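**Q**
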Amino acid sequence: MSGSEELEDLFENAPCGYLTLAPDGRISRVNQTLCDWTGYPREHFAGKRMHQFLNMAGRIYFETHIAPLLRMQGFFNEFALDFVTESGDRMPVIANAAERRSPDGELLSTRLVLLRAADRRRYERELVDARAIATRTLASERETAELREQFIAVLGHDLRNPLAAINAGARILQRSGRLQDDKELRVLDMINTTVTRMSGLIDNVLDFARGRLGGGITLSREASRPLEPVLEQIVDELRTASPKRSIESSFAILDPVNCDRARIGQLVSNLIGNALTHGAAYQPVRVGARTEGGVFELWVSNAGVPIPESAMEKLFEPFFRGDVRDSRQGLGLGLHIASQIAQAHGGKITVTSSSEETRFVFTMPTMDR
Amino acid sequence: MASVIERNNVHVRGAGSRAMVFAHGFGCDQNMWRFVAPKFEGDFNVVLFDHVGAGRSDLSAYDPGKYSTLSGYADDVVAIGSELGLRDAIFVGHSVSAIIGVLATLKAPGMFGRLVLVGPSARYIDDVGYVGGFSEKQIAELLEFLEDNHMGWSAAMAPSIMGNPDRPELGEELTNSFCRTDPEIAKAFARVTFTSDNRADLAKVSVPTLILQCKEDIIASTEVGEFVHSQIPRSKIVILDATGHCPNLSAPREVVAAIEAFV
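Protein chains in written order, with the working numbering: chain A, 6 to 374; chain B, -14 to 248.
1) Taking buried to mean at least 16 other C-beta atoms within 10 Å of its own C-beta, is B/Gly156 buried or exposed?
2) Between which two residues does the alpha helix (DSSP H) carrying A/Lys353 extend?
3) Considering Cα atoms alone, identify which of A/Gly339, A/Pro289, A/Asn307, A/Val310 is closest to A/Asp322.
4) For B/Cys13, which residues does DSSP report across the bridge?
5) Under 8 Å: do the region 29 to 37 of chain B and the region 1 to 21 of chain B share three or more Cβ pairs, one atom per stretch?
6) Can you give me the Cβ contacts of B/Val106 inside the same chain, cut-off strictly under 6 Å, excluding the 5 residues immediately before and after it?
7) So, helix, strand or coil for B/His230, using DSSP?
8) What separation, rounded to the nearest whole angstrom, lies between the Cα atoms of B/Ser45 and A/Ala72?
9) Report the CB separation of A/Ala27 from A/Ser114 in whole angstroms; it is logged as a contact under 8 Å.
10) Where does the unbroken alpha helix (DSSP H) through A/Asn36 begin, and where does it stop?
11) Use the C-beta contact count for B/Tyr58: other C-beta atoms within 10 angstroms, 16 or more gives buried, fewer gives exposed.
12) Three or more C-beta pairs closer than 8 Å, one from the region 336 to 351 of chain A and one from the region 205 to 214 of chain A: is that the case here?
13) Using the beta-carbon count (16 or more within 10 Å), is A/Ala286 buried or exposed?
14) Let me know the secondary structure DSSP gives A/Glu322 once reduced to three states.
15) At which residue ranges does the region 32 to 98 of chain B contain complete alpha helix (DSSP H) runs of 4 or more residues, listed in the order of the chain?
16) Nearest to A/Arg291 by CA position, among A/Leu320, A/Gly299, A/Arg244, is which residue?
17) Can you give me the C-alpha to C-alpha distance between A/Met96 and A/Thr90, rounded to a whole angstrom?
18) By the 8 Å beta-carbon criterion, what residues does the region 223 to 245 of chain B contribute toward chain A?
19) Excluding sequence positions up to five away, which residues of its chain have a Cβ less than 8 Å from the Cβ of A/Gly278?
20) Kindly list, in the order they appear in chain B, the residues whose Cβ is closer than 9 Å to that of A/Thr140.
21) Using 8 Å as the cut-off, can you tell me whether the region 39 to 51 of chain A makes contact with the region 94 to 106 of chain B, which would need three or more C-beta pairs spanning the two stretches below that distance?
22) I need the boundaries of the alpha helix (DSSP H) containing A/Phe156, first residue and last residue.
23) How close, in whole Å, do the beta carbons of A/Asn166 and A/Val200 come, if the pair is a contact with beta carbons under 8 Å?
24) Spatial neighbours of B/Glu(-9) within its chain, please: C-beta separation below 7 Å, excluding the five flanking residues on both sides.
25) Looking at the C-beta of B/His15, does it have a partner C-beta in chain A at a distance below 9 Å?
26) Would you list, in sequence order, the uninterrupted beta strand (DSSP E) runs of no fewer than 3 residues that lie entirely inside the region 14 to 81 of chain A?
27) In chain order, what residues of the same chain lie with their CB nearer than 6 Å to the CB of B/Glu158, ignoring the 5 residues before and after it?
Okay, here's the thing in structure tokens:
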């Protein structure tokens, strides 16, 4: 092929459609590729105008956007059109157009390059659909979330109030010293146990729900106030609530710990609660905490049947519950919330379990870095 | 609230006692008049503006309720006219703005003394005994296409343009905003435009009116232009030797000559 034949062939059989418009907007030339794609013979194009090959929307688009923009700026890139082919099908294309002008600015011709774009159009369509679905879903999610938030606020309030009343009643009975009978005292113990458990469950449920709402665990840290009394108090409460169980504690918190004391209290309460539930009933639960080398470490251990390997990785997932052995089983949120509190403090909880001992260890930096 | 001048990106140029207001149609913005308006700056106070939602208008002023009818757009024209203190001005409206001008003239008698309607259509959809050029189905298809081809249109409406060495008169900052608009607004404007029916308003127009009609216009055909002519009492029609819907761009010389002869 000679050079000019090569060029002619490139024009005619290029892998894109070429179309030239005369200054009056009539088609003056098309290439073979466009004829092949549309199914129209070359003569069919001659003298016709662009809009005659477009669907109605494309016509209006062409007349109101493409044609004026071409005149105003001399070119227009990447516009979408649907060609109507000889068989009546639509052929989506992406087109670029440029005007050819004389030195004095007269329009000589307008050239268009057309690329088939069925896949691209389908992809765009899918994106638009996906966005529409996402927008709808988001709106309904927001609505649900709002309802949920209200529900949780009401739930928290309404559950805590009666519980506080029961607690106060039990305390009055205890202080009055009127209950002497063993059986009566056992009932009082049971009430205390239940109130403590119930209160912990409500805290966990509310925290979990808030966390799921995107609020997460919020902290109000204070390093200046001592942590040890808080931990002692939690242990005391749990002792009162489970008078038959032995909880041994040893705390040596010598450095200040920059933490949310109430949250750490909740964490230790959850870990001890877990140990009481799953540990051997006649063996003590041991709790310890210390600071060393800029690290605060807190551990809770119990004896009993080790945690099965298969359960290990799911321990901290919400609503995970081990083998249900007794009615003390909770919602399965305690360890999850504990791990969330640990993470919020930049720390973590690890667990080891053998036939001798199951031990949860929480570590966090004493100071926020 | 921003002033009307800022809201509608109003520009006043030229030296003349009489004002000539140019209003763009569906599609682009006041740049549509760039080959026509400057020719009148010697003898007229040329006023150019963008409809709210188009060009460099204040998009935050777009109120879907107000702009769900052409009357809302006409109110803006009247507001601009009041702000500029226009009396006996000439209103030149292209495409849908031709009808917006008709409505503005009826709302504020005395503000416009003459109307120039370029490619007007009082109704795009065919009706019993009336040819609008489009079937109801075709307009529905258009509106569906706008819904469908969201990306194509928005890409077309916000072309990434570098400069334009061929046409230094087109500043870079202008090229970027020609036909750019929010796709949602474009959809709404298309709906208002192509579903409008203002045939009954034409007979109320009492000012001298010039209709400029292109020979081959698929948006507003010659029949449609002739209908407008037949309904407006003091109107005359000039058929331009131009094709397409935008003679202000494709045949600016003819447009200028016809307007000059009219005023």
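The beta carbon of each residue, even a glycine, is placed where N, CA and C say it ideally should be. Here the structure is a predicted model, which is why all the values come from computation and not from measurement.
**A** Short version:
1) The residue you call residue 156 of chain B lines up with position 171 of the second sequence. Any reading at B/Gly156 needs caution, since the residue's pLDDT is 40, under 50, leaving its predicted position unreliable; the model's value is listed next. Taking all protein chains in view, the Cβ of B/Gly156 is surrounded by fewer than 16 other Cβ atoms within 10 Å, so the residue is classified as exposed.
2) Translated into the one-based positions of the first sequence, residue 353 of chain A becomes position 348. Counting along the chain, A/Lys353 sits inside no alpha helix (DSSP H); it lies in the beta strand (DSSP E) bounded by residues 353 to 358.
3) For the purposes of this step, residue 322 of chain A is taken as the residue at position 317 of the first sequence. The sequence shown places Glu at residue 322 of chain A, rather than the Asp named in the question. Ranking A/Gly339, A/Pro289, A/Asn307, A/Val310 by Cα distance to A/Glu322 puts A/Gly339 first.
4) Counted from its first residue, the second sequence places residue 13 of chain B at position 28. Partner residues in a beta bridge of B/Cys13, as assigned by DSSP, do not exist.
5) Touching, yes, given that three or more Cβ pairs across the two stretches are closer than 8 Å.
6) On the second sequence, residue 106 of chain B is found 121 positions in, with the first residue counted as 1. Strictly speaking, residue 106 of chain B in this sequence is Ser, with Val absent from that position. For B/Ser106, where only same-chain residues beyond five positions count, the Cβ hits under 6 Å are Ala205, Val209.
7) Your numbering for residue 230 of chain B matches position 245 in the second sequence. For B/His230, the three-state secondary structure derived from DSSP is coil.
8) As a first step, residue 45 of chain B must be located in the second sequence, where it is residue number 60. As a first step, residue 72 of chain A must be located in the first sequence, where it is residue number 67. Rounded to whole angstroms, B/Ser45 to A/Ala72 spans 28 Å at the Cα level.
9) Position 22 of the first sequence, counted from the first residue, corresponds to residue 27 of chain A. Position 109 of the first sequence, counted from the first residue, corresponds to residue 114 of chain A. Contact between A/Ala27 and A/Ser114 is confirmed by a C-beta separation of about 6 Å, below the 8 Å threshold.
10) Here residue 36 of chain A refers to the residue found at position 31 of the first sequence. No alpha helix (DSSP H) contains A/Asn36, which DSSP labels as neither H nor E.
11) As a first step, residue 58 of chain B must be located in the second sequence, where it is residue number 73. Buried is the call here.
12) Result yes; three or more Cβ-Cβ pairs closer than 8 Å.
13) Counted from its first residue, the first sequence places residue 286 of chain A at position 281. Counting of Cβ neighbours within 10 angstroms places A/Ala286 among the exposed residues, the total staying below 16.
14) One-based indexing of the first sequence puts residue 322 of chain A at position 317. In this structure, DSSP gives A/Glu322 a state outside helix and strand, which the three-state scheme calls coil.
15) Inside the region 32 to 98 of chain B, DSSP marks whole alpha helix (DSSP H) runs of 4 or more residues at positions 55 to 69, 81 to 92, from first to last along the chain.
16) For the purposes of this step, residue 291 of chain A is taken as the residue at position 286 of the first sequence. For the residues A/Leu320, A/Gly299, A/Arg244, the minimum Cα distance to A/Arg291 belongs to A/Arg244.
17) Within the first sequence, the letter at position 91 stands for residue 96 of chain A. Within the first sequence, the letter at position 85 stands for residue 90 of chain A. Cα atoms of A/Met96 and A/Thr90: separation of roughly 7 Å, rounded to the nearest angstrom.
18) Answer in chain order: Thr228, Gly229, His230, Cys231, Leu234, Ser235.
19) Residue 278 of chain A sits at position 273 when you count from the first residue of the first sequence. Shown here for A/Gly278: same chain residues with a beta carbon closer than 8 Å to its own, the five before and five after excluded, namely Arg202, Gly205, Leu243, Gly335, Gly339 in chain order.
20) For the purposes of this step, residue 140 of chain A is taken as the residue at position 135 of the first sequence. None at all; the shortest Cβ gap to chain B is about 12 Å.
21) Not touching, per the Cβ criterion.
22) The residue labelled residue 156 of chain A in the question sits at position 151 within the first sequence. That run of the alpha helix (DSSP H) goes 123 to 181.
23) Within the first sequence, the letter at position 161 stands for residue 166 of chain A. Within the first sequence, the letter at position 195 stands for residue 200 of chain A. Taking C-beta atoms under 8 Å as the contact rule, A/Asn166 and A/Val200 fail to qualify, at a distance of about 13 Å.
24) Locating residue -9 of chain B in the second sequence gives position 6, counting from the first residue. Cβ neighbours of B/Glu(-9) beyond the five flanking positions: Asp43.
25) As a first step, residue 15 of chain B is located in the second sequence; it is residue number 30 there, counting from the start. Position check: residue 15 of chain B holds Gln in this sequence, whereas His was assumed. Closer than 9 Å: no.
26) Fully contained in the region 14 to 81 of chain A are the following beta strand (DSSP E) runs of length 3 or more, in chain order: 22 to 26, 32 to 35.
27) Position 173 of the second sequence, counted from the start, is the residue given in the question as residue 158 of chain B. Caution applies to B/Glu158, whose pLDDT of 41 falls short of 50 and renders its modelled position unreliable; the value that the coordinates give is listed next. Excluding sequence neighbours, B/Glu158 sits near nothing in its chain.
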